[in-house]
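Residue numbers (the numbering used here), protein chains in the order written: chain A, 1278 to 1433; chain B, 12 to 143; chain C, 2 to 411; chain D, 111 to 216.
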């Protein structure tokens, strides 16, 4: 037994329907759900993870971050890059975006390699020069990813 | 605005509205331990059919708790045999909670609590000790 | 010393409720993406939670009724039940996230996989609830949680550009801002929801009953609220600021707990990082205790069961069984490999949806002379209570649409 | 009979016109015996409007909520038990000359 009168129930259902419609409509137009939006998202996320790696490595080299935390931060970044990698690989994109996808993916993979090296370095304890070089490479990759993201947003 | 309605004839007693003051209120036992929530009330001398003016007014005969709550939430009827009642005569005091004049353990509504306490929770080490 | 320890309930509620895993991450995410342009939400949120926590504490002290009893008494069995289902699920999500948060914090401290820590964390939470007295629980976690003050210290050690930070407070967005309005408002609601999470009032009011507060303790209740929650807000803002100073310029959008730690390490080195880690563990552990207890409190109070840590477990059997089941479910969910950080991000938004049904009954009962005698709300409290109710309703209505439009803030 | 069977029943006047639903049942608690005698039924236009009881108490704060809820519960009234002719599973019937009283609690 419900105390809601049928008419009120009908009105509620209609309202819910309209609301859902509005939400889906705006979502459809929203960049967050478009193919280029998703690519841009992956690029910006990968850029952030690569920067995180650079920062972590720098802090670790100057003995500011305890080694378990360094290890965790690097492996978190590697995991997240791995997620970007697989989402990019499986992304269903049409012709124009295919090149963008390939370029982002290649940078993501560069980032993954660099982070894996970073993790190795922190475990083995490398010299200042090697670390600095790696930090710079990570930063360069991050900037390239950020630039790719900007391009996508500009075009999309 | 219509004319304000007249006040009802006053009675020499405390006046309460069942839904506002009694339903969904906490019931405590004589020691202040929670027993149940008032999920419904049983009213004696109130039947379907004509009401003869000279019959005595119906009275609340029991607080009902337990399975009846499902009926209130989702509708349907609870079979009379499954009503878990606490007799109105056990109520010692009523303010914003009901206080009973008996211990929680003596009531049917707490059977599951007692069963759990003796069979499960009481058997886990430390379950029967005060926290330290 | 007694006066200091008397603050413990407020401090624990605030450390565990205001600065839990959800807030550690959300504050940091927001700082790293929006700078300080959303700090005003934290400030509004803290005023709101102070107002309603104070009311619920006063109701508990005067009438002995904890929040969920009131919710049922005022909203009735049905609407109360709808609120129970919503609150309970949100609470379970948050509990899961907090246990995961303990595991993530311990991973940062040891680099051992979180999957190893999850059962340890869940069992430790249960043991504390099972055996440890309420007052010890609140004092220890509250005091250890104060370690998070290191974030406030870090802000100064980082020598920020105060002028630019001040400008961000006045909504001048930092240069890297490429965020859409929908995302901005989505995070505003997430921050608001995380500041006003319902379990904080469930816990605070039930804690007041656990500690047998009476009319005499009203002053203490007020001080507890006015010290505890603003402290929580301060820490939350400090976390945001550190992220805004260190992470925002690199465009590092926070997605994991390890990133929250980096600014502190940059500011204060290893020692600061270790202190912060201690704070992470204490805050998530405190929040795990709070949410676990709240799951028991809300269910027991709705159904009228015997509850409370001041009773031996066998005298509150259903209450304890509920908490055990919740911990088992939470740990089980975590072991499937879900990311606790993601759970918190959803749970704070869902909390925003459930807010009105929790705070309306508190406001109404705080005005009811049957419950409160002469200690009913004053005009000023009622005015602000109403203002916040309006804000709460708006946030609650806007939460889901914004979540969809902004793709959950991505 | 149990209370929830009575609550929300439609209320009809002597000629069968629907005048509202039972929103609550009023009892008098005897000071000495503690017995709760039924006094009458509260009748309103909607069943859900009155659970907070603002129209029955003198509570007026917070003013906006009180005013809104009173407005929602407008037109509710009390009918004494003696004016109830019969209670049927499908509704409560009142006597021809039933009187409406203010729902306010004494």
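Yeah, the Cβ is synthetic: ideal placement off N, Cα and C, and Gly gets one too.
Asked	Found
Inter-stretch contact (C-beta, 8 angstroms, three-pair minimum) for the region 17-27 of chain C and the region 97-104 of chain C	yes
Whole-Å CB distance - residue 79/B paired with residue 69/B, under 8 angstroms assumed	Between residue 69/B and residue 79/B the Cβ distance is about 19 angstroms, and since that is not below 8 angstroms, they are no contact.
Closer than 8 angstroms to chain C by CB, residue 1357/A	yes
Short Cβ contact (8 angstroms threshold) for residue 115/B with residue 49/B	no
contact_flag[the region 39-53 of chain C, the region 380-398 of chain C] where n(CB pairs < 8 angstroms) is 3 or more	yes
Rounded distance between the beta-carbons of residue 132/B and residue 322/C, thought under 8 angstroms	6 angstroms
Outcome for residue 1366/A when other beta-carbon atoms lying within 10 angstroms are tallied against a minimum of 16	exposed
Range of the contiguous beta strand (DSSP E) that encloses residue 51/B	51-55
Option in 101/B, 61/B and 24/B with minimal Cα separation from residue 124/D	61/B
Below-8 angstroms beta-carbon distance, residue 77/C vs any chain A residue	no
Per-residue burial, residue 104/B [other beta carbons within 10 Å of its own, 16 or more giving buried]	exposed
Beta-carbon contacts of residue 154/C that lie in its chain and below 8 angstroms, excluding the five residues immediately before and after	268, 269 and 273
Rounded separation between residue 1319/A and residue 1333/A - CA only	21 angstroms
Buried or exposed by the 16-neighbour rule on C-beta atoms within 10 Å, applied to residue 27/C	buried
Rounded straight-line distance, which links the Cα of residue 317/C to that of residue 114/D	29 angstroms
Residue 251/C, buried or exposed, once every other Cβ within 10 Å from all chains shown has been counted against 16	buried
Residue ranges of each alpha helix (DSSP H) within the region 249-334 of chain C, 4 or longer	258-304
Spatial neighbours of residue 119/D in its chain, beta-carbon cut-off 6 angstroms, leaving aside the 5 residues before and after	132, 201 and 202
Alpha-carbon to alpha-carbon, residue 1316/A and residue 1371/A	12 angstroms
4 or more residues per run - each alpha helix (DSSP H) lying fully within the region 107-185 of chain C	115-132, 135-146, 151-158 and 163-170
Cβ-based neighbour list, residue 1407/A, same chain, cut-off 7 angstroms, excluding 5 preceding and 5 following	1398
Sequence-distant residues of the same chain with beta carbon closer than 6 angstroms to residue 110/B, five excluded per side	39, 103 and 104
Straight-line Cα distance separating residue 339/C from residue 330/C	13 angstroms
As assigned by DSSP and simplified to three states, the class of residue 193/D	helix
Distance, residue 125/B Cα to residue 1341/A Cα	56 angstroms
Of the residues 358/C, 296/C, 149/C and 283/C, the one placed nearest residue 125/C, counting alpha carbons only	283/C
Contact between the region 129-146 of chain D and the region 17-32 of chain B (3+ Cβ pairs under 8 angstroms)	yes
Under the three-state DSSP convention, the category residue 123/D falls into	coil
8 angstroms Cβ cutoff, residue 80/B in contact with chain C	yes
Own chain partners of residue 22/B with C-beta closer than 8 angstroms, once the 5 adjacent residues on each side are dropped	none
Residue-level contact to chain B via CB, residue 135/D, 8 angstroms cutoff	yes
8 angstroms contact criterion, which residue 240/C and residue 152/C should meet: CB distance rounded	5 angstroms
Contacts that residue 295/C makes with chain B (C-beta to C-beta distance below 9 angstroms)	What residue 295/C touches in chain B: nothing, since even the nearest Cβ is about 17 angstroms away.
Backbone CA spacing between residue 325/C and residue 127/C [nearest angstrom]	7 angstroms
Distance between residue 78/C and residue 301/C (C-alpha atoms, nearest Å)	14 angstroms
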